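Participant:
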Amino acid sequence: MEYQNFDVEVAEGCARVTLIGPGCPEMGHLCDEFTDLMLRLQEDNAVRLILIADGDHAFDFHHNLDSLAQSVGQAEGFEVLSADEEIARRIVTLIAELPKPVVAATRGDIRNMGFGFFLAADVRLATTEATFTTPDLAGGLLPGWGLTHTLPRLIGGSRALELLWSGRTLNAAEAARLGLIDRVIPPEHFEEVIDAFIAKLGVQQAGVLDATAMLSFDWEGQQQCWASRETAAGLKAVSEGLVPRFDVPTTVQED
Amino acid sequence: MEYQNFDVEVAEGCARVTLIGPGCPEMGHLCDEFTDLMLRLQEDNAVRLILIADGDHAFDFHHNLDSLAQSVGQAEGFEVLSADEEIARRIVTLIAELPKPVVAATRGDIRNMGFGFFLAADVRLATTEATFTTPDLAGGLLPGWGLTHTLPRLIGGSRALELLWSGRTLNAAEAARLGLIDRVIPPEHFEEVIDAFIAKLGVQQAGVLDATAMLSFDWEGQQQCWASRETAAGLKAVSEGLVPRFDVPTTVQED
Amino acid sequence: MEYQNFDVEVAEGCARVTLIGPGCPEMGHLCDEFTDLMLRLQEDNAVRLILIADGDHAFDFHHNLDSLAQSVGQAEGFEVLSADEEIARRIVTLIAELPKPVVAATRGDIRNMGFGFFLAADVRLATTEATFTTPDLAGGLLPGWGLTHTLPRLIGGSRALELLWSGRTLNAAEAARLGLIDRVIPPEHFEEVIDAFIAKLGVQQAGVLDATAMLSFDWEGQQQCWASRETAAGLKAVSEGLVPRFDVPTTVQED
Chain V
534 MEYQNFDVEV
544 AEGCARVTLI
554 GPGCPEMGHL
564 CDEFTDLMLR
574 LQEDNAVRLI
584 LIADGDHAFD
594 FHHNLDSLAQ
604 SVGQAEGFEV
614 LSADEEIARR
624 IVTLIAELPK
634 PVVAATRGDI
644 RNMGFGFFLA
654 ADVRLATTEA
664 TFTTPDLAGG
674 LLPGWGLTHT
684 LPRLIGGSRA
694 LELLWSGRTL
704 NAAEAARLGL
714 IDRVIPPEHF
724 EEVIDAFIAK
734 LGVQQAGVLD
744 ATAMLSFDWE
754 GQQQCWASRE
764 TAAGLKAVSE
774 GLVPRFDVPT
784 TVQED
Chain C
534 MEYQNFDVEV
544 AEGCARVTLI
554 GPGCPEMGHL
564 CDEFTDLMLR
574 LQEDNAVRLI
584 LIADGDHAFD
594 FHHNLDSLAQ
604 SVGQAEGFEV
614 LSADEEIARR
624 IVTLIAELPK
634 PVVAATRGDI
644 RNMGFGFFLA
654 ADVRLATTEA
664 TFTTPDLAGG
674 LLPGWGLTHT
684 LPRLIGGSRA
694 LELLWSGRTL
704 NAAEAARLGL
714 IDRVIPPEHF
724 EEVIDAFIAK
734 LGVQQAGVLD
744 ATAMLSFDWE
754 GQQQCWASRE
764 TAAGLKAVSE
774 GLVPRFDVPT
784 TVQED
Chain B
534 MEYQNFDVEV
544 AEGCARVTLI
554 GPGCPEMGHL
564 CDEFTDLMLR
574 LQEDNAVRLI
584 LIADGDHAFD
594 FHHNLDSLAQ
604 SVGQAEGFEV
614 LSADEEIARR
624 IVTLIAELPK
634 PVVAATRGDI
644 RNMGFGFFLA
654 ADVRLATTEA
664 TFTTPDLAGG
674 LLPGWGLTHT
684 LPRLIGGSRA
694 LELLWSGRTL
704 NAAEAARLGL
714 IDRVIPPEHF
724 EEVIDAFIAK
734 LGVQQAGVLD
744 ATAMLSFDWE
754 GQQQCWASRE
764 TAAGLKAVSE
774 GLVPRFDVPT
784 TVQED
């Protein structure tokens with residue numbers, strides 16, 4: 534399937550999704566595409582993890598401010614705004630609840646709604662040149678896209694408030710120090726580090742990935758791993774000092 | 534109203550409260566004044582946020598140790614101690630539950646009870662020269678002032694224990710790394726950064742500030758913002774590339 | 534009592550436990566010894582805190598991979614694996630629930646099961662030369678030893694996932710930045726800093742240590758401290774500018 538807001542490529546267990554199209558997209562359409570895409574990738578046995586990365590724009594969605602400003606105070610305007618926020622909630626919730634690992638990677642300037650999108654991923658990687666800006670409250674609207682939920686969980690309530698209230702831009706080093714990103718990578722090693730991270734996950738047993746993504750441990754899950762052909766091969770390889778490679782189907786089934 | 538433990542000045546949406554008077558204050562009196570002051574500022578429409586800063590002493594309240602030591606083992610002594618702790622709880626809870634943002638800023642040495650007071654604010658700023666010391670447990674009393682509540686929430690349980698048990702003094706850089714302060718500022722830029730932070734909040738819509746201070750997002754709150762004159766002006770200004778300035782009444786109503 | 538997996542020495546309020554024996558121990562035996570040791574130290578009035586430190590190996594327990602690999606897919610194999618995990622849970626829970634402070638200190642390479650053991654302590658100290666590696670998921674088994682519980686609580690869910698999925702090794706500086714360790718110490722000052730930390734806790738009132746270890750504050754606890762001979766002496770000493778020394782029995786009662 535072709536998408537207008539996303540480009541997708543599946544190889545070696547990883548679906549690479551890049552953000553294309555306008556930074557000020559039609560939100561309903563973006564959400565429909567994203568929902569379709571994620572559900573398709575979740576069902577695809579050739580996909581062990583999903584990488585979402587900068588394409589045409591760097592996690593920098595934004596509202597059409599002119600249109601918002603013109604409709605302000607009108608009931609219809611609020612309907613558009615609340616519909617957009619409902620869409621944001623669906624996207625953020627979809628990412629958070631997806632069993633497969635979702636990794637977000639950026640080398641650009643994260644801001645506006647794209648910040649909420651970026652924070653919803655399981656793990657976040659960035660180059661040393663990336664920057665991070667919380668949405669400006671200057672317009673007099675509450676910060677949406679789940680930010681009052683995700684931001685304090687990642688960096689604590691006080692730091693979240695300081696960022697939301699100051700609206701200041703963080704560089705990658707400070708973002709990593711606070712916990713907004715999990716790893717800072719020099720630009721010249723970006724592809725290489727991401728490839729290694731992905732390669733490791735791409736050959737990993739699906740059951741192990743999904744369970745760790747939920748940070749859960751249960752006997753049933755462990756027993757399923759134990760009973761699987763993949764774990765048998767994995768333990769044998771590890772005991773022989775080899776790097777295990779779990780079977781990954783190589784063809785994508787289009788629905 | 535004149536206070537013996539606090540100096541207050543309201544300008545451009547911000548109430549600047551500075552700590553004056555003795556570092557070993559009469560606690561009941563301190564609490565009465567603080568409660569009166571906070572409730573008054575909460576009701577004052579000219580106040581969008583509250584800044585609490587060093588004055589005569591730098592968040593360094595302490596018990597009268599001689600008096601404590603003399604009354605130790607006596608039932609009356611414990612009554613004084615527990616009354617003081619009850620006061621601390623009221624102050625800490627009052628700060629935490631106040632809808633308006635409370636920002637604490639220091640350039641001095643934070644310690645003893647003042648540490649609990651400082652940690653209760655929503656956001657904490659400090660100069661590179663500030664230091665932070667958890668109360669010494671050497672006296673054989675449990676750490677009060679809500680520290681066993683606030684400290685682990687800000688920096689995690691393990692780090693909280695390491696600080697409480699070692700009693701060591703942190704410099705500002707380490708305090709920021711751990712999450713005890715949200716921003717470290719060189720002394721020569723302290724006033725300037727605080728002024729900018731305050732100026733931004735001082736012109737912000739009250740509804741947005743109060744909701745973000747509680748890290749909450751709800752449709753009703755968003756709708757109230759949307760319907761307000763301030764947000765209409767704010768969105769218009771932002772869409773025109775201007776910095777919005779919300780109306781702030783300039784006179785303080787004394788009760 | 535003599536242990537095969539632990540060496541124990543009690544002096545000045547502190548029980549120093551060092552890890553001896555094989556890094557691939559018989560888990561049931563390790564657990565029996567550890568449970569016996571901890572319960573004995575908990576009951577010993579001469580022990581105010583427990584320090585667990587590197588001995589023959591640096592918190593680097595591991596499974597017998599050959600044996601695991603051979604029994605894979607067999608029901609008996611899973612019984613061994615799940616029995617080991619049940620043992621891990623008992624050890625981790627025992628450390629976490631022990632009222633007395635448990636401090637872990639390392640100068641080595643923490644990895645495999647030893648990582649879960651290390652994370653269970655109340656406070657963690659390490660030299661600048663120590664390294665930290667989450668268990669490799671390559672074998673296709675879920676990470677046990679409570680890691681899906683302790684790791685996100687210490688460093689947050691995203692960072693926990695990045696470590697579990699990448700399997701990369703952290704140096705001490707990054708481990709401290711993330712919150713996996715509470716203090717990094719140059720090797721040449723390691724003994725000295727640990728001795729000072731221990732000395733401070735070793736003379737502390739037991740009631741204060743136990744309550745802070747649980748990060749709890751309650752009036753009854755405070756009243757018990759207040760009424761105690763130790764606090765009376767402590768407050769008197771502090772008010773006179775002296776360092777208090779609480780009574781610590783010097784003989785260990787063997788059961």
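Residue numbers (our numbering), protein chains in the order written: chain V, 534 to 788; chain C, 534 to 788; chain B, 534 to 788.
Positions of the beta carbon are idealized from the N, C-alpha and C atoms, including for glycine.
Since the structure is predicted, the reported quantities are computational estimates derived from the model, not experimental observations.
1. For cysteine 564 of chain C, which residues from the same chain have a beta carbon less than 8 angstroms from its beta carbon, with the 5 sequence-adjacent residues on both sides left out?
2. Using a Cβ-Cβ cutoff of 7 angstroms, what residues of the stretch 632-646 of chain C are near chain B? List them in chain order.
3. Go to aspartate 540 of chain V, then tell me how far its beta strand (DSSP E) extends in each direction, as first and last residue.
4. Could you compute how far the alpha carbon of aspartate 599 of chain B sits from the alpha carbon of isoleucine 731 of chain V?
5. Hey, out of V/Thr681, V/Ala586 and V/Ala739, whose CA is closest to isoleucine 643 of chain V's CA?
6. For threonine 666 of chain C, which of helix, strand or coil comes out of DSSP?
7. Taking buried to mean at least 16 other C-beta atoms within 10 Å of its own C-beta, is glutamate 542 of chain V buried or exposed?
8. Give the residues from the stretch 670-689 of chain B that approach chain V closer than 9 angstroms (Cβ to any Cβ), ordered along the chain.
9. When DSSP labels each residue in this structure, what does valine 771 of chain B get in the three-state scheme?
10. Is the shortest distance between the beta-carbon of threonine 660 of chain B and the beta-carbons of chain C less than 8 angstroms?
11. Would you call the stretch 579-596 of chain V and the stretch 545-555 of chain V touching, i.e. three or more CB-CB distances under 8 angstroms?
12. Along chain B, which residues have their Cβ under 7 angstroms away from the Cβ of phenylalanine 611 of chain C?
13. Nearest chain C C-beta to tryptophan 752 of chain V closer than 8 angstroms, yes or no?
14. From the DSSP output, in three-state form, read off aspartate 715 of chain B for me.
15. Is the Cβ of glycine 606 of chain B closer than 8 angstroms to any Cβ of chain V?
16. Thinking just about the alpha-carbon of each residue, which of V/Leu572, V/Met560, V/Asn538 and V/Ala544 is nearest to the one in glycine 554 of chain V?
17. Report back the beta-carbon spacing between leucine 652 of chain C and threonine 702 of chain C to the nearest angstrom; my notes put them in contact at under 8 angstroms.
18. So, does the CB of arginine 581 of chain B fall closer than 8 angstroms to a CB anywhere in chain V?
19. At least one CB of chain B closer than 8 angstroms to the CB of alanine 708 of chain V: is that the case?
20. Is threonine 551 of chain B a contact residue of the ligand SAH, with contact defined as CB to any heavy atom under 7 angstroms?
21. From the beta carbon of arginine 657 of chain V, is the nearest beta carbon of chain B less than 8 angstroms away?
22. Classify leucine 572 of chain B: buried if its beta carbon has 16 or more other beta carbons within 10 angstroms, exposed otherwise.
23. Can you find a CB in chain C that lies within less than 8 angstroms of the CB of leucine 614 of chain B?
24. Exposed or buried, what is serine 699 of chain V when buried is set at 16 or more other beta-carbons lying within 10 Å of its beta-carbon?
25. Given a limit of 7 angstroms on CB to CB distance, which residues of the stretch 585-597 of chain C reach chain B?
26. At the level of alpha carbons, what is the spacing between leucine 696 of chain C and threonine 667 of chain C?
27. Bridge partners for arginine 549 of chain C per DSSP, in chain order?
28. Kindly indicate which three-state DSSP category glutamate 612 of chain B falls into: helix, strand or coil?
29. My output table needs one value for aspartate 642 of chain C: the three-state DSSP class, helix, strand or coil.
30. Below 8 angstroms between beta carbons: does that hold for leucine 552 of chain B and histidine 590 of chain B?
31. Starting from leucine 658 of chain B, trace the beta strand (DSSP E) both ways and give me its first and last residue.
32. Does alanine 765 of chain C come within less than 8 angstroms of chain D when only Cβ atoms are used?
33. So who's on the other strand from valine 605 of chain B, going by DSSP bridges?
34. Should glutamine 738 of chain C be labelled buried (16 or more other beta-carbon atoms within 10 Å of its own) or exposed?
35. With the cut-off set at 8 angstroms, would you say aspartate 715 of chain V and arginine 640 of chain V are in Cβ contact?
36. Less than 8 angstroms between the beta carbons of threonine 745 of chain C and glycine 673 of chain V, yes or no?
Facilitator: Here's the rundown:
1. Ile620, Arg623 and Ile624
2. none
3. 539-544
4. 28 angstroms
5. V/Ala586
6. strand
7. exposed
8. Leu670, Ala671, Gly672, Gly673, Leu674, Leu675, Pro676, Gly677, Gly679, Leu680, Thr681, His682, Leu684, Pro685, Ile688 and Gly689
9. helix
10. no
11. yes
12. Gln756 and Trp759
13. no
14. coil
15. yes
16. V/Asn538
17. Not confirmed; about 16 angstroms, so no contact.
18. no
19. no
20. Only the bare structure without any ligand can be found here, which leaves the ligand SAH out of the picture.
21. yes
22. exposed
23. no
24. buried
25. none
26. 7 angstroms
27. C/Glu542 and C/Leu584
28. helix
29. strand
30. yes
31. 656-660
32. Reference to chain D is not applicable here, since the protein chains of this structure are V, C and B.
33. Beta-bridge pairing links valine 605 of chain B to no other residue.
34. buried
35. no
36. no
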